[in-house]
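Here the structure comes first, spelled out in structure tokens, and everything after it is commentary.
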Amino acid sequence: MFLVWGLTGLWHGAAWNFVLWGLFFAVLLAAEKLWYGHGLEKTRLLKHLYMFPLLAVSFVLFNAADLPAAGQQIAALFGFGGLPASGVESLYYLRSYAVVLVIALLGATPLPVKAVQRLRDTSAGSAVLSAAEPVALVLLLALCTAYLVDGSFNPFLYFRF
Numbered sequence: 001m002f003l004v005w006g007l008t009g010l011w012h013g014a015a016w017n018f019v020l021w022g023l024f025f026a027v028l029l030a031a032e033k034l035w036y037g038h039g040l041e042k043t044r045l046l047k048h049l050y051m052f053p054l055l056a057v058s059f060v061l062f063n064a065a066d067l068p069a070a071g072q073q074i075a076a077l078f079g080f081g082g083l084p085a086s087g088v089e090s091l092y093y094l095r096s097y098a099v100v101l102v103i104a105l106l107g108a109t110p111l112p113v114k115a116v117q118r119l120r121d122t123s124a125g126s127a128v129l130s131a132a133e134p135v136a137l138v139l140l141l142a143l144c145t146a147y148l149v150d151g152s153f154n155p156f157l158y159f160r161f
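Pasting the structure below:
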């Protein structure tokens with residue numbers, strides 16, 4: 001398993017952070033299988049609390065320019081990056097990503113699924129969904145494009161290979 005995940009990391013890029021990313025997932029999967037995987041199945045909250053910080057670390061490992069940058073970014077994730085949790089810069093990012101945060105928080109609840117199921121059960125609701133789905137997808141595409149254009153220069157990830 002470690003070989004497969006290490007090679008998976010290497011397949012994504014010829015840098016140590018990609019290999020470390022693959023091995024990180026190998027360690028997580030092995031630990032879940034050997035020790036605590038059954039405990040995670042007991043509560044949804046525990047699964048979410050477990051997953052979010054580890055997924056954030058994996059994103060940093062995958063996207064960092066090199067291992068020192070990954071270390072600095074991981075430290076910053078957990079409050080050791082030298083940036084205050086509150087301040088002008090924090091407020092700027094909170095304001096910039098407020099729409100995305102609200103959509104993500106709503107999407108993480110069962111509310112959207114329940115609303116769609118209720119609408120599908122009626123003929124009028126089904127017609128509304130048929131018309132609303134492409135509109136929603138175009139709006140999401142526009143929102144994602146706007147955030148990409150607003151962001152700083154970010155070269156394509158796989159050009160580093």
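Be aware that the sequence shown starts at 1, since it is given in the UniProt record's numbering, and climbs by one per residue.
Every residue gets a Cβ at the ideal spot worked out from N, C-alpha and C, and that includes glycine.
All of these numbers come straight from a predicted model, not from anything done at the bench.
- Between residue 26 and residue 113, the alpha-carbon positions lie close to 32 angstroms from each other.
- Membership of residue 51 in the alpha helix (DSSP H) is indicated by the continuous run 44-63.
- The C-alpha of residue 50 lies about 37 angstroms from the C-alpha of residue 126.
- C-alpha of residue 108 to C-alpha of residue 66: approximately 32 angstroms in a straight line.
- For residue 123, the enclosing alpha helix (DSSP H) has its first and last residue at 123-150.
- Taking a contact as a CB-CB distance under 8 angstroms, the pair residue 77 and residue 57 counts as one, their CB atoms being some 7 angstroms apart.
- Only exposed fits residue 87, as fewer than 16 other CB atoms lie within 10 angstroms of its CB.
- Closest in alpha carbon position to residue 96, among 148, 118, 69, is 148.
- A buried status is given to residue 61, since no fewer than 16 other beta-carbon atoms sit within 10 Å of its beta-carbon.
- Around the Cβ of residue 18, a 10 Å sphere holds 16 or more other Cβ atoms; the residue is buried.
- Rounded to whole angstroms, the separation of the alpha carbons of residue 1 and residue 150 is 40 angstroms.
- Taken in chain order, the whole alpha helix (DSSP H) runs of length 4 or more contained in the region 77-101 are 88-96.
- Look at residue 110 here: in three-state DSSP terms it is coil, with no helix or strand label.
- Sorting 72, 99, 91, 5 by C-alpha distance to the C-alpha of residue 143 places 99 at the top.
- Comparing alpha-carbon positions, the option among 11, 69, 120 lying closest to residue 22 turns out to be 11.
- Following the DSSP letters along the chain, one finds residue 14 in no alpha helix (DSSP H), marked with neither H nor E.
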